[in-house]
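See below for the structure under consideration.
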Amino acid sequence: MTGSASLSSPLCTWLFAACMSVTCAKESAHPLSPPSYNSSRRLKAKAAALPMKCCSSSSSSIRGIVHSSPSNDNTNNKSTLSFKGLMSSCLADEPCSSYYASGGLLRRRLSPPATSGQAMAEAVQPTREVETKKKPLTRQRRVVVTGMGVVSPLGHDPGVFYNNLLQGVSGVTRIEAFDCAQFPMRIAGEIKSFSTDGWVAPKLSKRMDRFMLYMLTAGKKALADGGITEDVMDELDKTKCGVLIGSAMGGMKVFNDAIEALRISYKKMNPFCVPFATTNMGSAMLAMDLGWMGPNYSISTACATSNFCILNAANHIIRGEADVMLCGGSDAAIIPIGLGGFVACRALSQRNDDPTRASRPWDTNRDGFVMGEGAGVLLLEELEHAKKRGANIHAEFLGGSFTCDAYHMTEPRPDGVGVILCIEKALSQSGISKEDVNYINAHATSTPAGDLKEYQALMHCFGQNSGLRVNATKSMIGHLLGAAGAVEAIAAIQAIRTGWVHPNINLENPDQGMDTSVLVGPKKERLDIKAALSNSFGFGGHNSSIIFAPFKWTGAA
């Protein structure tokens, strides 16, 4: 559709509906009662496909409709006619020349029809032609990862973080941020040392929730890792740069503090408690700091949040809506209300006497997941844009998918169909076969049902792949909730870059019937990765799979 048509179409549609209503009200001898809501929607939908009837009784008829007086009660009362009345009185009239000049959908004149049904058939036919007309084939834009930023229990630099993973170091410890003696679970992947110096303004650091501080810090570290210096930033088209970083829990601490203040008086409440509690504000604040005016929002799909954000950010680049996107997730829910909530769900491990061995995906002695906190942010970039500025490319983002189990709030679907469908759609969207995937960073949270169902889905899809290796980052850092997918994506990308996959720790007695040959052992292993798949699933039945691969300068785009 041409630019003029796209601009005039909504106005023409509205004016056409108004003209028909006025004209038919004058011609109909038997006004009917107002149509139902659904009838009105159908009428509007069909009216949008028809040529605009301009009233010929006055040269200023359209202007009269647009600026009609509210006191014209007679016209307003008579305008509520049935669709049959509209068709019989209006469709035989011929559209005015202005309509043809506006580039509307119907460019040929309609002959006066014998019946309203024939007129409807003629009116709708050209619309079908427009709908079936295919867009010209275009070369799909490739998406690459040029920067990574991480805040985690095992370090705040991608290199340090991944080296600790390769060494099998556990970041799960006793909680120190508050007294948790009243809780049956007193361990977590808690961040002990964290500073925003040089990354976030001191004034904001005092006011913001930690999930936002983690997000802003990881986001800026991703820019630094990607070589986005001040000079490069000045050259960027900021209308094509966006931020899409989500959170599962949002600013729980800020909001909880506001509730406590409200017990005294609303006057004691932090005026920033509402904006700093919302999940979108981290992305917004980062965009304000950078001046980035492209796509900016957040997605919250529980523990699948990061993957949803990464895939949607990549799609913005593929569709040409952005050239650069910061994307990922952040969460900081290790506070009394967060811990208490998950304890109430009976989802957490209670292995308090041995924190480093509490998170044990696929082990028969697992008893729930261990909470973690942190943030992971990827800098995604359109390939040609990255090449033009000489960026260092870490990996290529091939694609991904999401599905919904539509089964239960917290339990996985027993037949695993939702996860299988998600993986198959991700492969299709990425343009690769099952045989191309030889490394999987599993969701594997250390829950009795979830680990097993994911494993079964993986074996259904990739069980015949020779050399397949599967591991679980959560065995060492716990479950970072909405940040988990992005932090694990960084682990997958680091595996691609280094040629090493990290171990599964605490896997001492695998579930019966599991093929342990596909699971990485207690030591790091060498692997030449062809394609890496990373899964994230969330409460509500949200499934997500994303795929990365080594970047190759040549090949199909």
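Numbering-wise, the sequence shown is residues -25 to -1, 1 to 532 according to mature numbering (1 follows the signal peptide of the UniProt record, and there is no 0). Note that beta-carbon positions come from the ideal geometry of N, C-alpha and C, so glycine has one too.
To which residues of the same chain is G375 closer than 8 angstroms at the C-beta, ignoring the five residues directly before and after it? N282, I285, L286, A289, A401, Q404, S405, S519, S520, I521, I522
Suppose the cutoff is 7 angstroms on Cβ atoms and the five residues either side in sequence are ignored; what does the same chain contact list for N481 look like? R332, S334, R335, D338, S450
From what residue to what residue does the beta strand (DSSP E) around I468 run? Premise fails: I468 lies in the alpha helix (DSSP H), 459 to 473, not in any beta strand (DSSP E).
Pick from S421, T422, T448, Y414: whose alpha carbon is nearest that of L433? Y414
What runs of the alpha helix (DSSP H), each 4 residues or longer, lie entirely inside the segment 302 to 350? 311 to 319
From the DSSP output, which residues share a beta bridge with Y414? R444, A507
Rounding to the nearest angstrom, what Cα-Cα distance links Q439 and R341 in this structure? 27 angstroms
Endpoints, the alpha helix (DSSP H) within which F526 is located: Here F526 belongs to no alpha helix (DSSP H), and DSSP marks it neither H nor E.
With distances taken between CB atoms, is the gap from K243 to D184 smaller than 7 angstroms? no
Where H5 sits in the DSSP three-state scheme: Its pLDDT being 38, under 50, H5 is placed unreliably in this model, and the value from its coordinates should be taken loosely. Residue state, collapsed to three classes: coil.
Contacts around V495, its chain only, beta-carbon distance under 6 angstroms, and the 5 residues preceding and following it disregarded: R444, N446, V476, P478, N479
Span of the alpha helix (DSSP H), counted from its first residue to its last, around C397: 392 to 405
Of the residues L219, S273, K409, D390, which one's Cα is nearest the Cα of I398? K409
Under the rule that 16 or more other beta-carbon atoms within 10 Å means buried, what is P270, buried or exposed? buried
What is the DSSP secondary structure of Y189, reduced to helix, strand or coil? helix
Assess, as a yes-or-no matter, whether the segment 252 to 259 is touched by the segment 205 to 223 under the definition of 3 or more beta carbon pairs within less than 8 angstroms. yes
DSSP three-state call for N479: helix, strand or coil? coil
Suppose contacts are defined by Cβ-Cβ distances below 7 angstroms. Is A307 in contact with F186 by that definition? yes
Thinking C-beta only, is G201 closer than 7 angstroms to T276? no
Where F437 and N367 are concerned, what is the direct C-alpha to C-alpha distance, given to the nearest angstrom? 31 angstroms
CA nearest to the CA of R321, picked from T280, L508, G513, P159: P159
Taking the C-alpha atoms as reference points, what is the distance between E296 and N327? 48 angstroms
By the 10 Å Cβ neighbour count, where 16 or more other Cβ atoms means buried, how is S15 classified, buried or exposed? Per-residue confidence for S15 stands at a pLDDT of 43, beneath the threshold of 50, marking its modelled position as unreliable; no derived number is given.
Keeping to the same chain, check which residues put their C-beta closer than 6 angstroms to that of S498; ignore five residues upstream and five downstream. In the sequence on display, residue 498 carries Lys and not Ser. Only P478 meet the Cβ criterion.
Which residue's Cα is closest to the Cα of H418: F514, K195, I471? F514
Return yes when the Cβ of S511 is within less than 7 angstroms of the Cβ of A279, no when it is not. yes
Sort N139, G146, V394 by Cα distance to I452 and report the nearest one. G146
Return the residue from the list L373, G143, D486, D490 that minimises the CA-CA distance to V412. L373
Would you decide whether V135 is buried or exposed? Buried here means 16 or more other CB atoms lie within 10 Å of its CB. exposed
Identify every residue that forms a DSSP beta bridge with A163. T148
According to DSSP, which residues form a beta bridge with I522? G374, L508
Mind checking S73: buried by the 16 CB within 10 Å criterion, or exposed? Any reading at S73 needs caution, since the residue's pLDDT is 47, under 50, leaving its predicted position unreliable; the model's value is listed next. Exposed, by the Cβ-count rule.
Taking V299 as the reference, which of L427, Q142, D212, S324 has the closest Cα? D212
Short check: CB of residue 533 to CB of T214, under 7 angstroms? Outside the displayed range of the chain (-25 to 532) lies residue 533, so it cannot be described from this structure.
S421 and F526 closer than 7 angstroms at C-beta: no
Closest residue to A152 among P485, E165, L140, L141 (Cα-Cα distance): E165
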